[in-house]
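Some notes on the structure that comes next.
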Amino acid sequence: HGLGEDAIKLFEEMQLLNVKPNHTIFISVLRACAHMGYVDKGMHYFRKMRSHYGLDPQMEHYSCMVDLLGRSGQVNEALKLIESMPFKADDVIWRTLLGICKLQGNVEVAEKAANSLLQLDPQDSSAYVLLSNVYAIAGMRNEVTKIRSFMKKYKLKKVPGCSWIEIRDEVHAFLVEDKAHPRSEEIYQQTDTLVFEMTRDPDIDEEVEE
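Positions in the sequence shown are counted from 1; adding 22 to them yields my numbering.
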């Protein structure tokens, strides 16, 4: 929620009060470190999970660390961390690494991440789309053309964008133009109301698109 510094301070206060954190708390703290760019602090907390609290890092914690290392430009270190995991990496971790490679322009690691993602699911269009983006940024137009031609030939379509929000320890996922959520009608009505109010606000100069 953009309160990374507050989350870290609260966690440190918990330690002073000898309150034992659980796996969920560590996920929040590691995410905060990733968003704040606190590599050393994030790595310290990650190691402390097992050494101090006896908690074995789970897939979500490794994913946070991959994001943390990648955001700081340590893409190769992020790959090494994935390869050192005591269990097989899932699609979320490989997608996280691929997304980081796009930001950092690391083609070599991006290709490894894409191949690993496709080994899990050969029909995963996101692997092709993300790798194509990496190639495009690197100016590798021929590779971009190859991927797009391949996707067109085998009718692989880009998966709709997805967002997650957490409310009272419950995670809600939303796809673009998705109405599968049981309260989707209320959600869209509320969204329409917000858009309407924003268009009436004189302080908002940019056009609001629905």
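No residue lacks a Cβ here, since even glycine has one placed at the ideal position from N, Cα and C.
Asked                                                                                           : Found
Residue 74 in three-state terms, based on DSSP                                                  : coil
Backbone CA spacing between residue 39 and residue 136 [nearest angstrom]                       : 44 Å
DSSP-derived helix/strand/coil call for residue 60                                              : coil
Bounding residues of the alpha helix (DSSP H) (the contiguous stretch that carries residue 172) : 163-175
Beta-carbon proximity check, residue 54 vs residue 29, cutoff 7 Å                               : yes
Assigned secondary structure, residue 111 (DSSP; H/G/I helix, E/B strand, else coil)            : coil
Nearest-angstrom Cα separation, counted from residue 41 out to residue 48                       : 13 Å
Residue 92 in three-state terms, based on DSSP                                                  : helix
Distance between residue 107 and residue 66 (C-alpha atoms, nearest Å)                          : 17 Å
Inter-residue Cα distance where the pair is residue 152 and residue 96                          : 19 Å
CB of residue 154 within 7 Å of CB of residue 166, strictly                                     : yes
Simplified DSSP state of residue 106, which is helix, strand or coil                            : coil
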